[in-house]
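Let me begin by presenting the structure, written as structure tokens, before commenting on it.
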Amino acid sequence: MNAPFALLPLSRTLKIMAFLSPFLSSSSVFAQTSVNGPVTIDGTTPLDSYRVGSNGVLTANGATTLQISTVTGAQLTLNGSQVSAATGTAVSLTGANALITGSQLTGGADGMGMGNNSAQLVGSTATVIGSTITATNRGVNAGSLANLTLERSAVTATGTNGRGVEMFDSTVKASDSTITGQQYGIRMRADPGVPSSNLLTLEGTRVEGVTDSALIVGTPTGAPATATIFVKNGSTLTGGNGKILELINGSTANMTVDNSQLLGDISADAGSTAGLVLQNNATLTGRLQNVASFSLASGGQWTMVENSQVGNVSMNGGSVRFGDAASFYTLSLASLSGSGTFMMDVDFGGAATDFLDITGNATGSHSLLIGSTGTDPLSDTSLHVVHAAAGDARFSLAGGAVDLGAWSYDLIKHGANDWYLDTATRTIARAHRLSWRCSIPHRLSGTES
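The sequence shown runs 1 to 449 under full-length UniProt numbering.
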């Protein structure tokens with residue numbers, strides 16, 4: 001991931017903040033300037049706050065200002081500028097457009113608020129490039145119908161309940177950026193008054209909830225939220241509570257992970273519905289709780305860390321790894337389809353094995369890549385590795401029979417839908433057959449003298 005943003009020189013920032021500190025606590029010190037047409041300010045413009053009207057166009061080049069607010073139709077451009085508010089929000093957009101480049105926004109409550117004109121259903125749009133946004137409560141409050149683009153930028157909320165970005169049925173796309181909240185990295189909520197839902201796209205971006213979840217969908221008491229989430233191209237999610245995605249209060253979210261490696265848990269409460277896709281060599285190591293649908297495609301891999309239950313699973317060139325070789329887990333699926341690989345381990349001597357249990361219908365053709373540990377069994381036993389309640393699924397051993405010591409064990413189907421590694425049909429392992437054959441003396445040809 002590239003360096004996400006470029007800071008202004010620290011010495012300049014400290015000097016500016018030292019100069020502003022006597023004034024920031026009282027907005028009444030400065031009269032608010034109204035902008036109703038094109039206005040350009042710069043580093044020589046006296047310190048002030050601004051309100052940009054519907055026909056206003058405010059451009060700040062290297063300027064330092066107090067809070068800026070807008071109304072529907074306003075245009076705001078910040079280039080290498082600093083906007084600060086000791087209380088409230090540094091930049092407040094209401095159905096307005098903003099382009100913020102190489103700038104710093106510092107808010108006592110929120111760094112940037114993106115509201116809408118509810119009567120006209122017009123949301124705010126902001127593009128933030130190479131900038132930093134810092135606040136106590138929310139770095140960015142992306143209200144309903146808002147459209148936020150972050151490029152090479154950092155958004156931080158430092159308060160105990162801080163959310164890096166809060167979304168209310170809005171659209172957020174972040175690339176090569178960092179989003180950090182002291183509580184949640186990003187919280188997605190519902191606004192029942194608008195015909196929209198949350199859409200989040202992360203490209204090469206790091207999201208962290210320092211004490212809680214990286215991403216959370218829903219609130220304890222609000223309306224159930226809906227979200228579509230894309231985590232792409234080296235993005236990472238970190239939750240202080242171990243959860244990278246959490247759904248609460250009857251919310252719904254579908255997350256697609258593409259070419260990214262994630263470590264952490266995905267959790268949905270009893271009333272919520274989670275869907276997950278791992279594709280394009282994406283990996284996830286962690287727990288899945290109440291995940292209703294799960295797709296693993298084009299090299300996507302999930303590594304289990306405990307016994308797990310998942311809903312409907314579709315395989316299209318993906319794989320599931322049953323943890324490390326020393327642990328033996330059971331994976332229960334509501335259904336299974338497609339074609340994929342299950343990476344399992346067995347211990348013949350200890351009669352221990354990973355186990356795949358499909359409680360519903362199983363279809364498709366799947367491979368079992370089974371590693372063996374421990375010692376040869378003392379007696380003829382069979383290890384049950386797969387059960388399906390119904391369906392015509394086919395299972396085979398990837399790479400042929402499982403070798404342990406001097407013996408090889410094959411996969412045998414018993415009954416309608418049960419598969420076993422069967423010691424009764426064991427044969428000498430290929431490596432030992434070759435060794436045995438090589439040890440037999442060869443008769444020399446030719447005439448003896």
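Backbone N, C-alpha and C define an ideal beta-carbon position, used for all residues, glycine too.
Mapping the DSSP letters down to three states, classify residue i as helix, strand or coil.
| i | result |
| --- | --- |
| ASN97 | strand |
| ASN361 | strand |
| GLN261 | strand |
| ILE248 | coil |
| GLY240 | coil |
| residue 486 | Here the chain has residues from 1 to 449 only, and residue 486 is not among them. |
| TYR329 | coil |
| GLY181 | strand |
| LEU145 | coil |
| ASP410 | strand |
| ALA31 | coil |
| THR45 | coil |
| SER319 | strand |
| GLY300 | coil |
| ASP324 | coil |
| ASP403 | strand |
| THR59 | strand |
| THR221 | coil |
| ASP422 | strand |
In the DSSP output, which residue or residues are listed as bridge partners for residue i?
| i | result |
| --- | --- |
| LEU369 | MET343 |
| ARG152 | None; ARG152 has no bridge partner. |
| residue 454 | The structure shown does not extend to residue 454, since the chain spans only 1 to 449, so no value can be given for it. |
| SER295 | VAL277 and SER314 |
| ARG287 | According to DSSP, which records beta bridges pairwise, ARG287 is partnered with nothing at all. |
| ALA227 | ASN198 and ALA253 |
| THR70 | VAL52 |
| LEU121 | For LEU121, which the question treats as bridged, DSSP gives no partner whatsoever. |
| PHE355 | THR330 |
| GLY209 | GLY181 and GLY239 |
| GLY338 | MET315 |
| ALA416 | Paired residues: none, contrary to the question. |
| ALA157 | ALA135 and GLY181 |
| ASP89 | It should be noted that the sequence gives Thr, not Asp, for residue 89. Its beta-bridge partners are ASP110. |
| ALA268 | LEU247 |
Return the first residue and the last residue of the beta strand (DSSP E) that residue i is part of.
| i | result |
| --- | --- |
| GLU306 | First-last for GLU306: undefined, no H or E at that position. |
| ASN79 | 75 to 79 |
| ILE186 | 184 to 189 |
| PHE348 | Looking at the DSSP string, PHE348 is not in any beta strand (DSSP E), and its letter there is neither H nor E. |
| VAL194 | Taken as a continuous stretch (DSSP letters only), VAL194 belongs to no beta strand (DSSP E), as it is neither H nor E. |
| GLN279 | 273 to 279 |
| ARG51 | 50 to 52 |
| SER382 | 382 to 390 |
| THR125 | 125 to 129 |
| GLY139 | 138 to 142 |
| PHE395 | 394 to 397 |
| ALA135 | 132 to 135 |
| GLY164 | 163 to 168 |
| ALA174 | 171 to 175 |
| GLY113 | 110 to 115 |
Grab me the residues of residue i's own chain with a C-beta within less than 6 Å of its C-beta, minus the 5 sequence neighbours each way, in chain order.
| i | result |
| --- | --- |
| GLY123 | ASN116, LEU145 and ALA146 |
| ARG187 | ARG163, GLU166 and ILE216 |
| ASN312 | SER293, ALA334 and SER335 |
| TYR329 | MET304, ASN307, PHE322, GLY323 and ASP354 |
| THR156 | THR134, GLY139 and THR180 |
| ASN254 | THR228 and GLY275 |
| THR127 | LEU99 and THR149 |
| ILE41 | ALA60 and ALA63 |
| SER382 | TYR420 and ASP422 |
| LEU369 | THR341, MET343 and ALA398 |
| ASN141 | ASP110, GLY113 and GLU166 |
| GLY391 | ASN361, ALA362 and THR363 |
| ASN290 | ALA268 |
| LEU202 | ALA174, VAL231 and SER235 |
| LYS413 | TRP419 |
| HIS384 | TYR420 |
Please list, in chain order, all residues of the same chain as residue i whose beta carbon is under 8 Å from its beta carbon, the five residues on each side excluded.
| i | result |
| --- | --- |
| GLY143 | GLY113, MET114, GLY115, ASN116, GLY123, SER124, PHE168, SER170 and ASP191 |
| GLY218 | MET188, ARG189, ALA190, PRO224, ALA225, LEU247, ILE248, ASN249, GLY250, SER251 and SER272 |
| THR158 | THR134, ALA135, THR136 and GLN182 |
| ARG394 | GLY364, SER365 and HIS366 |
| GLY80 | LEU8, ASN61, GLY62, THR101, GLY102 and SER103 |
Got a sec? Which residues, its chain only, sit under 7 Å from residue i by beta carbon, not counting five neighbours each side?
| i | result |
| --- | --- |
| ALA90 | GLN67, VAL83, SER84, LEU105, THR106, GLY107, GLY111 and MET112 |
| VAL172 | ALA142, LEU148, VAL165 and LEU200 |
| SER314 | SER295, SER337 and GLY338 |
Would you say residue i touches the ligand SAM, meaning its beta carbon is less than 6 Å from a heavy atom?
| i | result |
| --- | --- |
| SER175 | Of ligands this structure carries none, so the ligand SAM is not represented either. |
Can a CB atom of chain C be found closer than 7 Å to the CB of residue i?
| i | result |
| --- | --- |
| ASP324 | This model lacks chain C altogether, as it is built from one protein chain only. |
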